[in-house]
Structure formats: C-alpha cells, structure tokens
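Student:
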Amino acid sequence: MISRAERSVFADWWWTVDRWLLAAIGLLVVLGIVLTMAGSPPVAERLGLSTFYFVHHQVMFLVPSLCLLLATSFLQPRDVRRAGLVVFLGGMALIGAALVFGHEVKGARRWIFGVQPSEFVKPAFVILAAWAFSEGARRRDVPGNLIALLLLPLTIVPLILQPDFGQTMLISLVWAALFFMAGLHWFWVGGIGGMGAVSVFVAYKLVPHVRDRILHFLDPSNGPGATDTFQVDTAVESFVSGGWLGKGPGEGTVKRVLPDAHTDFIFAVTGEEFGLLFCMFLAGIFAFIVLRGLLLSSRNDDPFCRFATAGLVTLFGIQSCINMSVNLHLMPAKGMTLPFISYGGSSMISLALAMGFLVAVTRKRPRAAVIDPVPYRRGEEPDGALGAGAP
1 MISRAERSVF ADWWWTVDRW LLAAIGLLVV LGIVLTMAGS PPVAERLGLS TFYFVHHQVM
61 FLVPSLCLLL ATSFLQPRDV RRAGLVVFLG GMALIGAALV FGHEVKGARR WIFGVQPSEF
121 VKPAFVILAA WAFSEGARRR DVPGNLIALL LLPLTIVPLI LQPDFGQTML ISLVWAALFF
181 MAGLHWFWVG GIGGMGAVSV FVAYKLVPHV RDRILHFLDP SNGPGATDTF QVDTAVESFV
241 SGGWLGKGPG EGTVKRVLPD AHTDFIFAVT GEEFGLLFCM FLAGIFAFIV LRGLLLSSRN
301 DDPFCRFATA GLVTLFGIQS CINMSVNLHL MPAKGMTLPF ISYGGSSMIS LALAMGFLVA
361 VTRKRPRAAV IDPVPYRRGE EPDGALGAGA P
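First residue of the sequence shown? That's 1 in UniProt numbering, and the numbers climb one at a time after it.
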C-alpha cells in the first residue's frame, strides 16, 4: 500500500488520479482481449492465418498502448497541450501524405506506413479545441473562439478528401459539443445545425456509397445498397439468436460468416455468444466512463481541463454509440471501432493516448497549480479574486 506521506512521483500520481476511471478503462481492456478471442479465430482461419493471430497481435498492441496511457497520465496540463499540438501536426502531415502516397482500400486513402493517421488526430484535435475555447473564455485578448472555428475545417477537409465521413462526423459532433459548452448563442446553434444538414445532403448527392447506405437504411427491402448490408443484417440476426443469455463462449455462428467480426461487428459476436444482458453490462461500462468524466469535468476549476475532459469523454462516448448503433441497425454503417474492444493497432494506441490525456487532465491538483496566471491591466482583478488584504 502506498502511503500518503510518501513524496515520490508515482505516489503523487496514485493519490491524484481518479481510480474509478482507471478501473473502468482496465476492465474494458481485459474484456477486449476476451472478446477478441471469441470473435477473431474464424476470420483468421478464412485468411489462412493461425487461429489466434489477431489475439496475439492485439496483445502486442496492448503493451505499448498501456505504456503510452500511463506515461501520458503523468503529464501536467501544459504538457498535455504541447503533446496534443505535436500529435495533431504529425497526424495531419501523415493524412496529407496518405492522400498522395497511401494505398487505396475500399475506395479511400486512409492508411500510410500501416497507420491510420486520423485515429491519432481525434484526441489531439479535442485537446487543441479545448485549449482554444478555454483561452477564449478566460482571456479577452485571445481570439480563442475564432481559432477553434478555423480549426474545424482545417481538420475535416483532409478527412473528407480521403474520404472518411465517419471520422468527419465524429470530430464535428465533438467540436459542436465543446462550442456549446463555450456558451454559444442560439444563432450559432441553428447555423451549425444547418451546416451539418447541408453537409449530409451534399454527401448524399455526390458520394454513391453514402447514398446507397442511407437509402437501404431507410428501406432495407428496396434500397440499392442491399448488397452492401450483409454484415448489418447478419449482425441483427445474431442478437436475436443470442437472446438474453447467449449461446455460450465459442458457440456463435455469426462470426463464421462476418468478414469484420473481429473489428466493426465484434459487438454482434458478443450479443450472440454472451447475450443481451452482457451487452447491456458492456454498454454500462462505456456509459460509466462518460458520466464519470462529465462529473469530474463539472468539478474542475481549470477551464482547459474542464473543456478537455468533456471533449475526450464525448469523443469516447459518441464513437462507442456509433459502433453499437450500427451493429443494432439503428444507423447506417460507418466503419468505426468499439473502443478497446475491436481489434486494431491504430485504434488501440490512439484510444490509449486519449485516455492518458483524460486521466492527466482529471487528476486532483491545487487550484493555483492548474490555473495559469493571466496578465491583467493595472487596477483590474479577475472575477472572484481575493483582495490583497484578504486572509
């Protein structure tokens, strides 16, 4: 047991992190390995690989991911901002390189050097947006809201060119949530909503596979995308066949025919083998992390930490909801992983980075240690500041 009197770096970290948050993340990581063992063997065998190929690789990705999560969680807020800026610039450079030199997969250029750069841009974007919004709210001499406004198109335009509409929608929703937190006027609510509707309409008109997915989602029997929804239709059947308690570990049949049973549709495998009750328990863990993060955000005195915490858990929660909704055929397919559950190296490492940032900005710190001093004009005092003679 670590004593509170001990003054080491690790002891200071242990007594300031939110251990409930860490426990929930650790539980998801463990369940991810178990569910990868359940869903990936048939996929590996179809590809001519060893039975537990994806399990072994997931464990290999897990080791550096946990190291990154722990290392990042030790950062101070100022270091989190610096790391976010470096990751964002590097990720955007790789996205640009992927557009030119990356290999095409299913009509999109999202990968380069075996990495999907957009996965790493997401948490870094949240940090930079939180930084801009917090500075705009705290200092009148910094055009934080304008910087945040320019940051969104700078990020999503390269994603649209790939094209990657799922990540574009995810980043836009998180940005809108942060903008709402910053106290935007209702005029901007209508404007942002209108821009989102126009973007969906343009994608529907100009991108054939987006149009096909939407039409088939609205009318499965007649939609032109019927040939592209085999996985979604089979996933829904797997929940029905699994029932409340499931068929039992290893007894599922859906994973034998689903090409993406170990990635985008691992939630369907979970439903068939472990049942709806276990799926509800899994969804409850995601909900706990989001609600816990929002609670910690509301209690945080530092504007940057408050925005960053809310943004990171919103990113985490929306991505989880999108994956589970696609599996349940509640929205068109997006090709998005289930955090810490789906197989994927880029996804695992980027999520570890995001959760490391989350743990870092939710650590308990004295107020004076987390709020940077702001220069004020002579005779001015910040709201709520104590006078010189106050005790």
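By construction, the Cβ of each residue, glycine as well, lies at the ideal position given by its N, Cα and C atoms.
Tell me whether the stretch 323-331 and the stretch 261-269 touch, counting them as touching only if at least three CB pairs, one residue from each stretch, are closer than 8 Å.
Tutor: Result yes; three or more Cβ-Cβ pairs closer than 8 Å.
Student: On the criterion of 16 or more Cβ atoms from any shown chain inside 10 Å, does T51 qualify as buried, or is it exposed?
Tutor: Result: exposed.
Student: With DSSP as the reference, identify every bridge partner of A108, one or two as the case may be.
Tutor: DSSP output for A108 lists V105 as bridge partner(s).
Student: Please report whether the beta-carbon of V269 lies at a distance below 9 Å from any beta-carbon of chain D.
Tutor: Absent here is chain D; the protein component of the structure consists of one chain.
Student: Pull up the distance between the alpha-carbon of V63 and that of F288, whole angstroms please.
Tutor: 24 Å
Student: Where does V17 sit, in a helix, a strand or coil, going by DSSP?
Tutor: Three-state DSSP puts V17 in coil, outside helix and strand.
Student: Provide the residue span of the alpha helix (DSSP H) that contains K122, from first to last.
Tutor: 117-138
Student: So, with DSSP's three-state summary, where would you put W244?
Tutor: coil
Student: Count the other CB atoms within 10 Å of the CB of M336; is the residue buried (16 or more) or exposed (fewer)?
Tutor: buried
Student: Below 8 Å, how does it come out for the stretch 274-286 and the stretch 294-302: are there three or more Cβ pairs, yes or no?
Tutor: Under the 8 Å Cβ criterion, the stretch 274-286 does not count as touching the stretch 294-302, having fewer than three qualifying pairs.
Student: Can at least three beta-carbon pairs, one atom from the stretch 238-246 and one from the stretch 10-21, be found at a separation below 8 Å?
Tutor: no
Student: Beta carbon of M92, beta carbon of T168: below 9 Å?
Tutor: no
Student: Return helix, strand or coil for K255, following the three-state DSSP convention.
Tutor: helix
Student: Of all the alpha helix (DSSP H) runs that stay within the bounds of the stretch 335-362, which reach a length of 4 or more residues?
Tutor: 345-361
Student: If the criterion is Cβ atoms closer than 9 Å, does the pair T69 and M355 meet it?
Tutor: Note that residue 69 is Leu in the sequence shown here, rather than Thr. Closer than 9 Å, so yes.
Student: Decide if V164 is buried, meaning its Cβ has at least 16 other Cβ atoms within 10 Å, or exposed.
Tutor: First, the amino acid is wrong: residue 164 is Asp here, not Val. Buried, since its Cβ has 16 or more Cβ neighbours within 10 Å.
Student: I need the straight-line Cα distance from F101 to G345, nearest angstrom please.
Tutor: Our two residues, F101 and G345, have alpha carbons roughly 21 Å apart in a direct line.
Student: Can you tell me whether G293 is helix, strand or coil according to DSSP?
Tutor: helix
Student: Could you spell out the range, first to last residue, of the alpha helix (DSSP H) harbouring T51?
Tutor: Note, T51: premise wrong, no alpha helix (DSSP H); not H, not E.
Student: Under a Cβ-count criterion, where at least 16 other Cβ atoms within 10 Å of its own Cβ denotes burial, should E104 be classed as buried or exposed?
Tutor: exposed
Student: Just mark V121 as buried or exposed, buried being the case when its beta carbon has 16 or more other beta carbons within 10 Å.
Tutor: buried
Student: Between which two residues does the alpha helix (DSSP H) containing S172 stretch?
Tutor: That run of the alpha helix (DSSP H) goes 165-181.
Student: Starting from S325, trace the alpha helix (DSSP H) both ways and give me its first and last residue.
Tutor: 303-327
Student: Just to confirm, are F239 and E273 a CB contact at a threshold of 9 Å?
Tutor: no
Student: Is T362 closer than 9 Å to V17 when the C-beta atoms are compared?
Tutor: Inclusion of V17 and T362 in the CB contact set at 9 Å is warranted, their separation being smaller than that value.
Student: Identify, in the order they occur along the chain, each residue of the same chain with its Cβ nearer than 6 Å to the Cβ of A352, setting aside the five sequence neighbours on each side.
Tutor: S65, L68, L69
Student: In terms of alpha-carbon separation, which member of F357, A132, P339 lies closest to Q58?
Tutor: P339
Student: Within 10 angstroms of the Cβ of G144, are there 16 or more other Cβ atoms? Answer buried if so, exposed if not.
Tutor: buried
Student: Starting from P42, trace the alpha helix (DSSP H) in both directions and tell me its first and last residue.
Tutor: P42 -> alpha helix (DSSP H) spans 41-46.
Student: Can you grab the Cα-Cα spacing for the pair P41 / G32, in whole Å?
Tutor: 14 Å
Student: Within 10 angstroms of its Cβ, does L146 collect 16 or more other Cβ (buried), or is it exposed?
Tutor: exposed
Student: Is the distance from the Cβ of I341 to the Cβ of T270 below 9 Å?
Tutor: yes
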